[in-house]
Amino acid sequence: AGPAKPKAVSRLDPRVQAFVKLIADIRMMERAMREIGFDPAQMPLGKLKQSTILKGYEALKEISVILGHGGLTSSSGGGGSSTSSGGGGGGTKSQRILELSNTFYSIIPHATVSRARPPLIDNVKILKDKIEMVEALGEIELASKVLESGSRDESEVHPVDAKYDSLHSKITPIQVGSEMHNFLSDYLTNTHASTHNTYTLELEQAFEIERDGEAAKFKPDVGNRQLLWHGSRLTNWCGILSTGLRIAPPEAPVTGYMFGKGVYFADMSSKSANYCFTSREEPVGVLTLCEVALGKQYQRFSAEYEAVGGSGVI
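Numbering (full-length UniProt numbering), first residue to last: 1 to 314.
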């Protein structure tokens, strides 16, 4: 065998390289899986499939139907059974909750301490936690698939460039100190809500994003446009850039979404930053600032799970 071929040189701006490395880090994704309570030892990243995600959603959706019909209380905190003692068949519903909880845990393996049994999914809080978990796993599964599809010979294409190409987006860095960068930095600071006072936000680097084919989908006739923020975990950005902002699938219960299934934005940067799930150990997150065409608004000031019936992607 001849000498090993040298690795190809990256064609990307170093700032873009750093961003791609940030959102396309497999070890970061595996760490995130453990942080949300998933056990990657039982189901490694490469074995996680969309069909598994959808089956997990289906079990949770059936649980949400039972909880929504008052068979069990929505305020139980410990995960134990909280059966209804009235005449509505609480015992039967409690047994069904047990069966569905076991089904869910067999589909989505959890990391548990010693031999401790995972809690019954018998109240809305636990249900929402599990919906968020499955949603996060779905994003990680998609990111893994996107990155796998972009893998190529490293002697021909630099690994970071291959990952960049799989995102199907043109990513252009905005010069620090430029008028646009200063505007974004001020907007980030000025839309930080006073109630979110346990952290500060600082703009490290901004990029202009142009997804392939997105300009052709633009609908100039939809009005009421606003600049709004959207925040998400680092694990989610490969999927967002490659396929767009997605709405939860039909298999997902509506219970986990305050105003139903849709794409959520905020006019406060800190509200969206909360969904980046950063920490003192991992303080870097990604926010996007979008021009959002709201059209005719339906105003609500408290949760309404059936407020919208969205589907598809944006």
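By construction, the Cβ of each residue, glycine as well, lies at the ideal position given by its N, Cα and C atoms.
Considering only C-alpha positions, which residue in the set the options is nearest to residue i?
i              : options                        : result
proline 283    : Ala215, Arg15, Lys261, Thr198  : Thr198
glutamate 179  : Arg15, His196, Ala206          : Ala206
methionine 258 : Ala307, Gln50, Ala136, Ile140  : Ala307
alanine 111    : Ala216, Arg96, Met133, Gln175  : Met133
serine 166     : Leu287, Arg96, Ile36, Arg152   : Arg152
isoleucine 174 : Thr92, Pro249, Arg15           : Arg15
isoleucine 36  : Glu208, Phe218, Arg115, Leu137 : Leu137
Does the Cβ-Cβ distance between residue i and residue j come in under 8 Å?
i            : j              : result
glycine 150  : isoleucine 108 : no
serine 144   : leucine 201    : no
glutamine 17 : valine 146     : no
alanine 59   : isoleucine 140 : no
valine 65    : histidine 158  : no
lysine 261   : isoleucine 240 : no
residue 341  : leucine 12     : The structure shown does not extend to residue 341, since the chain spans only 1 to 314, so no value can be given for it.
Is it buried or exposed for residue i, if we count other Cβ within 10 angstroms and need 16 for buried?
i                 : result
alanine 41        : exposed
valine 254        : buried
threonine 191     : buried
lysine 7          : exposed
valine 222        : exposed
leucine 100       : buried
alanine 303       : exposed
leucine 72        : Residue placement at leucine 72 cannot be trusted, given a pLDDT of 45 that sits under 50; what the coordinates show is reported in the next sentence. Per the 10 Å Cβ criterion, buried.
valine 124        : buried
valine 286        : buried
serine 75         : Residue placement at serine 75 is poorly supported in this model, since its pLDDT is 39, which falls under 50; the coordinates still yield a value, given next. The residue in question, serine 75, is exposed, as its Cβ has fewer than 16 Cβ neighbours within 10 Å.
serine 272        : buried
phenylalanine 218 : exposed
valine 176        : exposed
Check whether the region 266–284 and the region 225–235 touch, using three or more Cβ-Cβ pairs below 8 Å as the test. yes
For the region 219–230 and the region 128–148, state whether three or more C-beta atom pairs, one from each stretch, are separated by less than 8 Å. no
Evaluate the contact criterion for the region 24–31 versus the region 116–126: three or more CB pairs, one atom per stretch, below 8 Å. no
Any chance the region 236–246 sits against the region 295–304, with 3 or more Cβ pairs inside 8 Å? no
Secondary structure, beta strand (DSSP E): runs of 3+ residues fully inside the UniProt domain "PARP catalytic" (158–314): 169–174, 206–211, 225–232, 286–293
Can you give, in chain order, each stretch of the alpha helix (DSSP H) that sits fully within the region 113–159 and has at least 4 residues? 124–149
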